[in-house]
Amino acid sequence: MHPFYSDGQISAPGYEEVAKALIAAPGFSATLENLPITRKERLAEVTTKLSRNTMEARSFRSGAIIGITGGGSGKGDPMPFFTDAQETRAIRAYTGHLLVKCGIAGDGDLAIVLNTTGNLYRSLSIISETLEHAGVSTLMAGHSMDPDRLVRTCQQLQPNVLAGAPSQLIQLARHVSKTRADICFDKIIYTSEMLPVQQRMYLDQVFGGTRGPLFYGSIYGSAEAGPWAVANHALTGHHAENVDLIYDKRAMIVEIVPQTSRTANQDRGSKPVETVPDGTAGIIVLTSLQKLRHPLVRYYTGDIGSLHDLTPEIRDSVGDGSGSLRILRFYGRDRAESFKWQANFYEITAIGEAMNAANWGVFDWQIVLDIKKDTGEHTMEVRVIREEQSADVLTQSQLRSELSAFFNVYPKVDHLFHLRSVGLEDMVRSETAGKIIRLVDHTK
14 MHPFYSDGQI SAPGYEEVAK ALIAAPGFSA TLENLPITRK ERLAEVTTKL
64 SRNTMEARSF RSGAIIGITG GGSGKGDPMP FFTDAQETRA IRAYTGHLLV
114 KCGIAGDGDL AIVLNTTGNL YRSLSIISET LEHAGVSTLM AGHSMDPDRL
164 VRTCQQLQPN VLAGAPSQLI QLARHVSKTR ADICFDKIIY TSEMLPVQQR
214 MYLDQVFGGT RGPLFYGSIY GSAEAGPWAV ANHALTGHHA ENVDLIYDKR
264 AMIVEIVPQT SRTANQDRGS KPVETVPDGT AGIIVLTSLQ KLRHPLVRYY
314 TGDIGSLHDL TPEIRDSVGD GSGSLRILRF YGRDRAESFK WQANFYEITA
364 IGEAMNAANW GVFDWQIVLD IKKDTGEHTM EVRVIREEQS ADVLTQSQLR
414 SELSAFFNVY PKVDHLFHLR SVGLEDMVRS ETAGKIIRLV DHTK
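Residue numbering for the sequence shown is 14 to 457, as defined by this note's numbering.
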């Protein structure tokens, strides 16, 4: 009935309409596996149409919390996801209780939260509210707070929890190390992406102090699904290539489909995509059991993971309610489609579209991701093969400004972003066809 999943629908049904439809079709049944996989592009297209319809008494966009995704794709138009406000609050509360159940955070904790805010992004409010539902008191610092003021706040109020995306945590650690400020934490709760070993070691070095080893936890979610999984490294251990996330199957159905399905035809009526066995890595597909007004059904995330049962040790630690929990072993983004830098996703196709701007004068391009050995910070180098300078083509400085805006390069990460004009011989190319490899990732 919902236009997300039905081409014939032009408006989103209300709860009463859904109830009437169920009564009218008592024998109707459908298995999840027989439903088509839904992609971001489809939801974004339908959302754009529905959000412009203000004629209904309860329009698609009324009473909604709007989350923006696409990671600063640079297309100009953000990709919004509308979720019912009450459902969204309930999802954050549910995940807050999961933080408590899994021993990650709770009463007595005071967290300073560095997640991104502004420019239509809601990461700061999402993480802060989820922590608050766990009983944590929060200081909403955000990603752009002056580092000296941030340090003074930590010294005055002495939060014991530092929360944020790994890149934001490293920026603070780098500043503290440089200024030799006396700041310590008990817990690190990272979000948005995995925490590489080098970064964890650097955080231990800067923030560990004399109070013993740092505790590491994580909150996993997205604008589409909200926060829905957590990690406790004291229970699952630290792994270089993945992180074990704990989720409640009563709130989220997680399927793993083959990575080859990313190129499969997912039009309505196409052949169903089968899931892979537990323990086998593939693309994560989500069906939320909490989003009812604007449902999320078989949503193709682009992330890679595998499903596993809880270990006996985790089951004993969690206690009551552990029977509904499972482990999603999370490996990160499917790099064939996009990548993440400084807590934001960037689509390869969107970058290609931007590079085609006539006045940029870019013949070819390549993204190189790396890690600074001394601090563990993630760097990005954009290599471009450009046409000769002319009045119609941007200068190198102007092009850097355009790319800085595209990749959301704010002052505190400017030293991690580089632009180089190179020749073909400086590009990393495939050994077989000699084609330029768009994304060269040295962080793995």
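We put the CB at the ideal spot given by N, CA and C, even for glycine.
Annotation for L152: L123, A124, I125, V126, T166, L170, P172 place their beta carbon closer than 8 Å to its own, counting only its chain and skipping 5 residues before and after. A direct Cα-to-Cα measurement between Y344 and K33 gives close to 42 Å. DSSP places I125 within a strand segment (E or B) once states are collapsed to three.
The three-state reading of DSSP puts R442 in strand, counting E and B together.
Within 10 angstroms of the beta-carbon of T388 lie 16 or more other beta-carbons, which makes it buried.
Remark: C-beta atoms of I139 and N245 do not approach each other more closely than 8 Å. Contact fails between the segment 223-232 and the segment 310-317, because fewer than three Cβ pairs, one in each stretch, are under 8 Å apart. Look at the beta carbons and you see the segment 320-338 not touching the segment 97-107: under three pairs across the two are nearer than 8 Å. Residue environment: Q411 is assigned as exposed (fewer than 16 neighbouring CB atoms within 10 Å of its CB, all protein chains considered).
Under the DSSP definition of a beta bridge, N372 lacks any partner.
The DSSP assignment places 295-301, 312-321 as complete runs of the beta strand (DSSP E) inside the segment 284-331, in order along the chain (cut-off: 3 residues).
In this structure the segment 448-455 lies against the segment 370-388, because at least three pairs of beta carbons, one per stretch, are closer than 8 Å. Assignment of H428 by DSSP, reduced to helix, strand and coil, places it in the helix class. Contact annotation, G177 with N128: C-beta distance approximately 5 Å; criterion of less than 8 Å satisfied.
Straight-line spacing of the CA atoms in A57 and S157 works out to 28 Å. Note: H391 is bridge-paired with I384 in the DSSP secondary-structure output. For the pair V267 and L299, the CB atoms are nearer than the 8 Å cut-off. Between the alpha carbons of Y359 and I269 lies a gap of roughly 23 Å.
By the Cβ-count criterion, M440 is buried, with 16 or more other Cβ atoms from all chains shown falling within 10 Å of its own Cβ. In this structure K457 is not in contact with S337, their Cβ atoms being roughly 33 Å apart against a cut-off of 8 Å. Two segments are said to touch when three or more pairs of C-beta atoms, one from each, lie closer than 8 Å; by this definition the segment 226-234 touches the segment 194-208. Here the segment 391-401 makes contact with the segment 428-435; the two share three or more CB pairs at distances below 8 Å. Sorting V426, E438, P26, Q303 by C-alpha distance to the C-alpha of L182 places V426 at the top. For F419, the enclosing alpha helix (DSSP H) starts and ends at 409-419. Put simply, of F430, S141, Q211 the residue whose alpha carbon is nearest the alpha carbon of I202 is S141. Per the coordinates, the alpha-carbon of Q212 lies some 14 Å from the alpha-carbon of A356.
For G374, the number of other beta carbons within 10 angstroms of its own is at least 16, and it is reported as buried.
In this structure, F430 keeps its C-beta atom at 8 Å or more from the C-beta atom of S414. Secondary structure note for L163: its alpha helix (DSSP H) is the uninterrupted segment 160-170.
Annotation for F220: the continuous alpha helix (DSSP H) segment containing it runs 210-220.
Secondary structure note for I232: its beta strand (DSSP E) is the uninterrupted segment 228-235.
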